[in-house]
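Chains as they are written, first to last, in the working numbering: chain A, 288 to 747; chain B, 288 to 747. Ideal Cβ placement from N, Cα and C applies to all residues, glycine included. So the structure is just underneath, and the comments pick up after that.
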C-alpha cells in the first residue's frame with residue numbers, strides 16, 4: 288500500500304481557483320475614505336496585475352508558465368496517507384495530509400511569495416517591502432525574490448528578530464535585508480522609538496513601516512507585499528487543494544468527508560479547502576473546518592464587521608470576523624495564528640455556512656503534534672498542530688461512529704525553527720489561555736462607527 | 288524543460304549495492320587483540336544481522352519490504368537540475384543534485400538509521416545507544432527509533448549540546464533521551480569529569496560512553512549504533528546513487544562525467560558514488576570526487592594505516608586514511624567533516640585509484656553555498672557546501688574546456704540548523720585554517736606499532 292503520492296510536472300495544476308466567483312455575497316475592501324477601495328488607491332500599495340486578480344470574474348485563472356517552472360523547484364508537494372497515526376488512534380478513518388513543509392523556506396508561504404515576486408517584476412517593480420512576525424512569511428518572500436531577481440526588505444517585529452535570529456539569517460542568506468521594527472528608517476518607527484526606545488514592536492507597527500517606505504517611492508518601482516488575507520494570496524494557495532484532489536484520486540479515493548486546516552490570516556486553510564468548497568457548492572457533502580486558537584477566537588467568537596488590517600489604521604479596511612485591530616492575543620507559540628482578523632473570503636464562507644470553524648487550546652495542539660511526530664515522523668509547526676488536533680478529534684469521532692471517513696488536513700509547515708515550544712511542552716511549562724472577552728469588547732468599541740458589511744444577497 | 292524528477296514507489300530500488308564484492312583488496316577491521324575482528328566480538332556491539340551485511344559476498348542485497356515502506360515516508364528524494372546555478376556560472380555543463388534535505392531530520396542520515404533500527408528490532412534489540420556531535424546523526428536515529436518503536440539514547444558532545452539546543456529538542460520530540468557527554472552515567476564519563484568537571488566533551492568521549500552503556504547490558508537487548516564509516520552504513524546509503532541513476536535516465540542523460548560528494552566519515556559520498564564506482568569498474572569514464580576540508584585533510588594528506596575509530600581506543604581498529612585518533616581539527620562549521628579517519632571502503636577506492644579526493648577551504652564553501660541558495664533557493668548544510676564548491680570548480684573547468692559535461696552532486700542536507708555559520712560568513716568573521724602538519728605527525732606517532740594494511744592483492 289502506498290503511503291505517499293507525488294505528481295509529475297505534467298500533472299501539476301495549470302490554473303488557480305478563484306472562489307470569489309462562487310461566493311453569493313462579496314463585500315469590497317474599503318479605502319481610507321471608508322468607501323470601496325479603488326484600483327488606483329490599491330495601486331499605491333500593490334502592482335496592478337495582482338489587483339486585477341482580486342477583481343477578476345474568471346473562475347479559473349491561468350498560472351503563467353514561468354511561475355509554474357519556479358513553483359516546480361519544490362512542487363508538487365507529496366500527499367501522505369497517515370497510516371501510522373491511524374494505527375495509533377485505532378480509527379477506521381483514512382487520514383491524508385498534504386506536506387507543505389518540503390519547500391525550502393519550510394511552509395506553504397512561497398506558493399504566493401513566488402507568484403507575487405514574479406508578477407511584481409513583470410509590472411516593473413524592482414524592490415518589495417514587507418513585514419514579518421515570527422519570520423515564515425519574510426523568509427518565503429526573501430527566497431522568492433532571490434529566485435526572481437528582486438530586491439527585498441523585511442521589517443521584522445523586534446522581539447521576534449531577537450528571539451528567532453535564525454529566521455533573520457535565512458532571509459539574509461537569500462540576499463534580503465532584515466530590519467528590526469520599530470526602526471529609525473521610517474517616521475512611523477521613529478515616532479514609536481521616541482516614546483518608547485525599548486519597544487518590542489508589533490505586527491501593526493511593522494506593517495506601518497513597510498507601507499510607509501513602499502509608498503514613499505513615487506517611481507512605482509517599490510511595492511508592498513502581504514503574505515495572507517488578500518484575495519490573490521488565497522488564489523495562489525489554491526494549488527495545494529487542486530494538487531491534493533488529483534493525489535486523492537491516485538490513492539483511489541472517490542470522495543473526501545472532512546477537510547481541515549489551521550487558520551491565522553487564512554491562507555493555508557484557503558489553499559487546501561477552496562477547491563473542496565467548490566465541490567460543496569456543487570452538491571458534495573464535506574465538513575470543512577478551519578481551526579484557530581481558543582485564546583484568539585476570531586472565527587468562533589468575533590462578529591463579522593469592517594475593521595482595519597493593522598493596528599495603526601493604515602492598511603485597507605476589510606470585511607471580516609475581527610477581534611478588533613488593537614487586540615493583542617496571549618503569547619501562544621503558534622505566532623502565525625495570533626491575528627485579530629481573518630481573510631474576507633474565509634469569513635464570507637463562514638457567514639454562508641460553507642465551513643465550520645473550531646477552536647482548540649495550545650496544549651492539546653502540542654500533544655497532537657508530538658503524537659504526529661512519533662508516528663508519522665514529521666515535526667510540525669505549532670500552527671499546524673491546530674490542524675492535527677482537529678484531525679485527531681475527527682478520527683476519534685469516526686471511531687465512535689464506526690464510520691470509514693476520509694479526512695484530509697494541511698501539514699502547512701515544519702517546526703524545526705519552533706522547537707522551543709515543544710521543549711516547554713515537555714517541561715510542563717506551557718499554559719492554555721482563557722478567552723479574554725473584556726479586552727475584545729474594548730477593541731471592538733473602536734470600530735463601532737465603521738460601515739457594516741452586507742450579510743446576504745439583496746432580496747434573498 | 289523539467290527541473291526536477293521524482294520516482295514512484297514502484298520505481299524505488301529494491302536492493303542495495305555492496306561495493307565490497309568489487310573492491311580488489313579488503314582489509315578487515317581489527318579487534319582489541321589487533322587481530323581480524325570476529326563476528327563474536329563485533330556482536331557485543333552490533334546486532335548480528337547487520338554484521339552479516341558487512342561480510343556478505345552478495346553484490347546486491349535485498350531491502351526488506353518493511354524497510355522500503357519506512358523509507359517511503361520521504362523517499363525517493365527528488366533529483367534536481369540546477370538550471371539557475373548553471374545560468375549564473377554560464378557553464379556548458381549540466382549540473383544535477385540529489386536533494387537529501389527533504390527527509391524529516393533534514394539529511395541523508397535516516398537512510399541508514401531506519402534500516403539499522405529495523406534490523407535491530409528484528410534481532411530482538413529493545414534499545415539503541417549512540418553518540419552524536421553536531422546532532423544530525425542523533426536526530427536521524429531518534430526519528431528512526433520512533434518509527435520502528437525502539438528506545439533510543441544519545442550521548443551528545445556537551446559543547447554542541449549547549450550550542451545547538453534545537454538538535455536536542457528534535458531528539459526529545461521523537462521520544463529519545465539526549466544526555467550531554469561527558470556524563471555521570473558511565474565510568475568513562477565520570478573519569479573525565481573527576482579530572483575536568485567543565486570538560487566540553489568530544490566525539491571520542493561520547494563514543495566511549497555509548498559503547499560502555501551498550502555492552503554493559505548482558506541481555507543483548509541493548510546495542511550500539513554508528514552513523515558512518517561501517518560497511519552496512521555505506522551499503523544502506525547506496526539507495527541515493529541507485530535512485531539518481533534512474534532519475535538521470537528520466538532526464539535523458541546517457542552518461543555522467545563527474546560525481547561529487549562531501550566526505551567526513553564517508554557515508555553520503557559513498558551513498559551517491561558507489562553505484563557509479565560500479566560503472567567505472569565496468570569501463571565507464573567518470574571522475575568521482577570526495578571533498579574534504581583543507582584543515583582536516585584525511586584523504587588528501589594522511590597515510591593509509593590501521594587506526595582506532597575513537598579517541599579513547601575502545602572502538603574497532605579500521606584500515607583507513609587517518610590523521611591519528613588524537614588529532615583535533617580546527618573548529619570549522621562543517622562539524623560533520625571533522626573526523627580523523629574515513630570509511631575503509633572509501634579509502635580502499637582511493638588506494639585503488641577509483642576516486643580522486645579534493646580539499647577546499649571553508650570560506651570558498653560558504654561562498655559557493657550562498658550562490659547556491661540565491662540561485663537554486665536551497666540553503667545547504669556547511670558540509671554540503673564542500674560538494675557545491677567542488678561542483679562549481681568543475682563547472683568552471685567545463686566552461687574553460689568548452690565541454691558539455693554532466694556533473695552530479697549530493698545535496699546531503701539542509702542548513703536550517705546551521706545558519707550561524709552563514710551569519711559569520713556575511714560578517715566576515717569566518718577564517719580558513721592552515722593544515723596543522725605537526726600535530727598530525729604527533730598523532731600518527733601513537734599508532735606506529737599497529738599492523739599495516741595490505742595495499743594491493745597478493746601477487747598483483
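In the DSSP assignment, residue 291 of chain B is bridged to B/367. Look at residue 399 of chain B: its C-beta is not under 8 Å from any C-beta on chain A. Not a single C-beta of chain A is nearer than 8 Å to the C-beta of residue 676 of chain B.
Judged by beta-carbon spacing, residue 291 of chain B lies within the 8 Å limit of residue 365 of chain B, meaning their Cβ atoms are closer than that value. Taken through DSSP and simplified to helix, strand or coil, residue 411 of chain A comes out as coil. A distance below 8 Å between beta-carbons, with the five flanking residues on each side excluded, links residue 665 of chain A to the following residues of its chain, in chain order: 386, 388, 659, 698, 701.
The DSSP assignment places complete beta strand (DSSP E) segments of no fewer than 3 residues inside the stretch 598-664 of chain B at 604-608, 645-647, in order along the chain.
For residue 483 of chain B, no beta strand (DSSP E) run applies, since DSSP gives it neither H nor E. Per DSSP, residue 297 of chain B has no beta bridge partner at all. According to the DSSP secondary-structure assignment, residue 586 of chain A is paired through a beta bridge with no residue. Residues of the stretch 645-668 of chain B with a Cβ closer than 9 Å to any Cβ of chain A, in chain order: 656, 657, 660, 661, 662, 663, 664, 665, 666. Straight through space, the alpha carbons of residue 375 of chain B and residue 742 of chain B are spaced by roughly 43 Å.
Residue contact check for residue 359 of chain B against chain A: a CB pair falls below 8 Å.
Contacts with chain B at 8 Å (Cβ-Cβ) include residue 462 of chain A.
Between residue 465 of chain A and residue 638 of chain B, the alpha-carbon positions lie close to 49 Å from each other. The Cβ of residue 374 of chain B sits no closer than 8 Å to any Cβ of chain A. Residue 342 of chain B counts as exposed, since fewer than 16 other C-beta atoms from the protein chains shown sit within 10 angstroms of its C-beta. Contact of residue 291 of chain A with chain B is assigned, a C-beta pair being separated by under 8 Å. In the DSSP assignment, the residues bridged to residue 580 of chain B are B/647.
Cα atoms of residue 394 of chain A and residue 493 of chain A: separation of roughly 22 Å, rounded to the nearest angstrom. Secondary structure note for residue 356 of chain B: its alpha helix (DSSP H) is the uninterrupted segment 352-358. DSSP, read as helix, strand or coil, puts residue 521 of chain A in helix. Contact with chain A is found for residue 295 of chain B, since one of that chain's Cβ atoms lies less than 8 Å from the residue's Cβ. Restricted to the stretch 421-495 of chain A, the alpha helix (DSSP H) segments that are unbroken, complete and at least 4 residues in length are 423-435, 445-450, 452-460, 474-482, listed in chain order. Counting the other CB atoms within 10 Å of its CB gives residue 396 of chain A a total of 16 or more, which places it among the buried residues. In this structure, residue 604 of chain A sits away from residue 597 of chain A, with a CB-CB distance that is not shorter than 8 Å. If the five residues before and after residue 326 of chain A are omitted, its C-beta is found closer than 6 Å to the C-beta atoms of 338, all from its own chain and listed in chain order. Residue contact with chain B for residue 458 of chain A: absent (no Cβ-Cβ distance below 8 Å to any residue of chain B).
In the three-state scheme derived from DSSP, where H, G and I count as helix and E and B as strand, residue 330 of chain B is classed as helix.
Within the stretch 382-396 of chain A, the residues whose Cβ lies closer than 8 Å to some Cβ of chain B are 389, 391, 393, listed in chain order.
Residues of chain A whose Cβ lies closer than 7 Å to the Cβ of residue 404 of chain B do not exist, since the nearest Cβ in that chain is about 12 Å away. For residue 386 of chain B, the pairing in a beta bridge is given by DSSP as B/698. Under the DSSP definition of a beta bridge, residue 510 of chain A partners with A/415. Interface residue (Cβ-Cβ distance to chain B less than 8 Å): residue 595 of chain A is not classified as such.
Between residue 608 of chain B and residue 629 of chain B, the alpha-carbon positions lie close to 6 Å from each other. If you draw a 10 Å sphere on the C-beta of residue 728 of chain B, you find fewer than 16 other C-beta atoms in it, and that means exposed.
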